[in-house]
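In our numbering, the protein residues as written are 26 to 244.
A virtual CB, placed ideally from N, CA and C, is assigned to each residue, including glycine.
Presented below is the structure to which this report refers.
Structural data, given as structure tokens:
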């Protein structure tokens, strides 16, 4: 999906280009070579320091073992602020790397951006990584026994405390502390989850390969 900021549209393509387009004139403003195929939606953040886009690539054309790079880029100029690399596997059926939009923290986690990395560590494993927005340094990393394609999603309690939900390819729905990556609870959704969750008040709604739509209440 594209991301929109005022009159600018940002999108990735299978050729590995992150592009910025003026939507009034359809004129390209800038392009950035991510180095490989990219299916994940870029995310825009407007801050007092400027407007930035967070993006990542897959491991597709690099062979059986390559690197996904997660990046922070100046959204108005296309200049890279920082990047961080993770080695990932791929095979003929499943690529590795970044497939979902990152979670950009606000409030009590406003200094963090969290990426979901597929097929890293092992061929079937994954990793959630929280990076410092300013420097790109890793604040925490959570090893996943089973990778997942679902977007990590931040939710807020009534007092403003942040929590994160994430589902993996085995159908496990995690409730996590996004400050540390610690698991607070899990629920089985029976089979692989690709979709991103929808959240309304205290209810999470999510579908899985079990051909069911689940409603999970947060307490």
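Just to confirm my understanding: we take residue i, look at its own chain, exclude 5 residues before and 5 after, and list those with CB closer than 6 Å. What are they?
i	result
residue 113	84, 93, 121, 122, 144, 145
residue 203	134, 187, 189
residue 70	77, 129
residue 108	94, 96
residue 243	227
residue 45	33, 35, 54, 55
residue 232	220, 238
residue 80	43, 67, 96
residue 161	107, 109
Beta-carbon within less than 7 Å of residue i's beta-carbon, same chain only, minus the 5 sequence neighbours each way: which residues are those?
i	result
residue 58	41, 42
residue 170	150
residue 224	178, 180
residue 164	137, 155, 156, 157
residue 172	143, 144, 149, 150, 151, 193, 194
residue 106	77, 97, 98, 99
residue 86	61, 62
residue 185	132, 133
residue 216	196, 233, 234, 235
Throw me the rounded Cβ distance for the residue i and residue j pair, which I believe falls under 8 Å.
i	j	result
residue 78	residue 100	5 Å
residue 125	residue 65	6 Å
Apart from the five residues just before and just after residue i, which ones in its own chain have a Cβ nearer than 8 Å to its Cβ?
i	result
residue 28	34, 35, 36, 66, 67, 68, 69, 78
residue 206	153, 155, 165, 166, 167
residue 104	98
residue 75	99, 100, 101
So is residue i buried or exposed if we call it buried at 16+ other beta carbons inside 10 Å?
i	result
residue 230	exposed
residue 234	exposed
residue 196	buried
residue 238	exposed
residue 48	exposed
residue 214	buried
residue 39	exposed
residue 222	buried
residue 175	buried
Taking Cβ positions, are residue i and residue j nearer each other than 8 Å?
i	j	result
residue 257	residue 198	The shown model of the chain, from 26 to 244, leaves out residue 257, and the question about it has no answer.
residue 61	residue 89	no
residue 24	residue 168	In the structure as shown, the chain starts at 26 and stops at 244, and residue 24 therefore has no counterpart that could be examined.
residue 131	residue 55	no
residue 127	residue 139	yes
Is the stretch 94-104 in contact with the stretch 172-180, if contact means three or more CB pairs nearer than 8 Å? no
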